[in-house]
Every structure is written in C-alpha cells, then in structure tokens.
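In what follows, a structure is listed as structure tokens, so that the remarks can point back to it.
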Amino acid sequence: MGSGLEQLIQQLAENDPSRYGTPPAAKAAVAALPDVAVSADMMAADGGAQCAVCMDDFLLGAAAKQLPCNHVFHKDCILPWLDLHSSCPVCRHELPTDDPDYENHQRQAAAPAAAAAAAAAPPASPGGGPSPRVMERRFRISLPWPLRAAFGAQQAESSDQDAAGSGDYNNDPNASGRSYDDLD
Numbered sequence: 001m002g003s004g005l006e007q008l009i010q011q012l013a014e015n016d017p018s019r020y021g022t023p024p025a026a027k028a029a030v031a032a033l034p035d036v037a038v039s040a041d042m043m044a045a046d047g048g049a050q051c052a053v054c055m056d057d058f059l060l061g062a063a064a065k066q067l068p069c070n071h072v073f074h075k076d077c078i079l080p081w082l083d084l085h086s087s088c089p090v091c092r093h094e095l096p097t098d099d100p101d102y103e104n105h106q107r108q109a110a111a112p113a114a115a116a117a118a119a120a121a122p123p124a125s126p127g128g129g130p131s132p133r134v135m136e137r138r139f140r141i142s143l144p145w146p147l148r149a150a151f152g153a154q155q156a157e158s159s160d161q162d163a164a165g166s167g168d169y170n171n172d173p174n175a176s177g178r179s180y181d182d183l184d
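Read in order, the letters of the sequence shown correspond to residues 1 to 184 in full-length UniProt numbering.
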C-alpha cells in the first residue's frame, strides 16, 4: 500500500485545486445578488454569526451578500470566490455561468437522471402508494470506490496471489477469490 499512497499524495500535491470544480459564476448572476443587512435573526440562526469564507463574526447591521440558497457572506469574501466558482462554498448550490459548454453539459447530465428516476418509479399499490419494501428496493444505490484507481494495481496483485492458491479461499469450494463491494 506504500507506493499507492505515495502516488496519491503526489497527485494531490501536483494538482491545482483552482482548476477543478465549477467555472466562474455569470457576471449578471453575481451582480443580481442582493445586499442584505445582517440582522439579529441572522446572527441567532445556526452558523449565521460567521462568514463561512473568512470565519469572522458578522457585525449587527453590516452589509453582506446573500446567495439564492440564503447563505450570507461578506461581500469582500464571496465575490473573489464567485470569480473562480459558480457554487456556494457551504452547500454547493450552483449559480448560472457564462460557460455555454458547462451549461450544456449540466443540462445533458440532468436529462438522463430525470429519465432514470421516472423509469425507476415504483408501480402504484392498491393503497395508492408503493409499499415501504418496494421503496427500499428502488433506492438502492451502487457507489464507486473513490480510491480504486490509485490502489487498483495492488488489488490486482493480491487477486493473482489468491488465484495461485496462496489466499484465504483455498478451503472454500464456493469462493471465487474475488471480493465485491456491496452496500447492503
């Protein structure tokens, strides 16, 4: 695992984090963000007493920018962020961008997801809605293992050893020597 970990650390060190994520927010969307005065209600709300970018406390009555997701930031903190990204730094709610390629990609990605959700909709039961067991089965999600690419070579080596007879599966005639990720 040592060389895979070293490779992962090197990749993380070489990658510039500002190259990834969403493109800059549209200038018109940024200009349309409302200026709000920090109120006592905002300060009393959970997490509302600090700007999530600079972590400084808001002053009562100070001017701030409010994103469509209702998160509030100092103007001097959020505007440089939106020059690089089109998402809220807290919840990742996306603002429009001036990048037509990104916008088209987002629309194309949303269309198959909506079609898949409609196709996966459970049939109605006689009571008017799906049974809880049907709903449980419909929302089973297979998630990718995020580090499989970085550590895949080592996993392949251990699989070769298992297949050669040096693994833990020698005494089990039903075992294939393969491991599978299952969330259930």
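A virtual CB, placed ideally from N, CA and C, is assigned to each residue, including glycine. Keep in mind it's a predicted model, so treat the numbers as computed, not measured.
Span separating the alpha-carbon of residue i from that of residue j
{"i": "Ala-26", "j": "Ala-44", "result": "31 Å"}
{"i": "Ser-3", "j": "Gln-106", "result": "36 Å"}
{"i": "Ala-163", "j": "Cys-51", "result": "Any answer about Ala-163 is weak, because its pLDDT of 47 lies below 50 and its placement is not dependable; what the coordinates show is given next. Looking at the two C-alpha atoms, the distance is approximately 55 Å."}
{"i": "Ala-156", "j": "Leu-12", "result": "Low confidence applies to Ala-156: its pLDDT is 48, below 50, so where it sits in the model is not reliable enough to give any reading."}
{"i": "Ala-31", "j": "Leu-5", "result": "44 Å"}
{"i": "Pro-80", "j": "Gln-7", "result": "32 Å"}
{"i": "Ala-110", "j": "Asp-101", "result": "14 Å"}
{"i": "His-93", "j": "Gln-10", "result": "30 Å"}
{"i": "Leu-95", "j": "Met-42", "result": "22 Å"}
{"i": "Gln-108", "j": "Asp-99", "result": "14 Å"}
{"i": "Asp-83", "j": "Ala-49", "result": "24 Å"}
Buried or exposed by the 16-neighbour rule on C-beta atoms within 10 Å, applied to residue i
{"i": "Ile-78", "result": "buried"}
{"i": "Ala-64", "result": "buried"}
{"i": "Ser-87", "result": "buried"}
{"i": "Leu-67", "result": "buried"}
{"i": "Asp-56", "result": "exposed"}
{"i": "His-74", "result": "buried"}
Cβ-Cβ distance between residue i and residue j below 7 Å
{"i": "Cys-69", "j": "Cys-54", "result": "no"}
{"i": "Gly-21", "j": "His-85", "result": "yes"}
{"i": "Thr-97", "j": "Pro-23", "result": "yes"}
{"i": "Phe-58", "j": "Val-36", "result": "no"}
Residue range of the unbroken beta strand (DSSP E) whose run includes residue i
{"i": "Val-36", "result": "35-37"}
{"i": "Ala-49", "result": "First-last for Ala-49: undefined, no H or E at that position."}
Residue i: CB within 6 Å of a non-hydrogen atom of the ligand HEM
{"i": "Val-90", "result": "The ligand HEM is not part of the structure shown, which contains no ligands of any sort."}
Whole-number beta carbon distance between residue j and residue i, since they are thought to touch under 8 Å
{"i": "Ala-40", "j": "Leu-60", "result": "6 Å"}
Boundaries (first-last residue) of the alpha helix (DSSP H) holding residue i
{"i": "Ala-45", "result": "Premise fails: Ala-45 is in no alpha helix (DSSP H) and is neither H nor E."}
{"i": "Ala-29", "result": "27-31"}
{"i": "residue 220", "result": "Past the edges of the chain, shown from 1 to 184, lies residue 220, and the structure says nothing about it."}
{"i": "Pro-80", "result": "75-84"}
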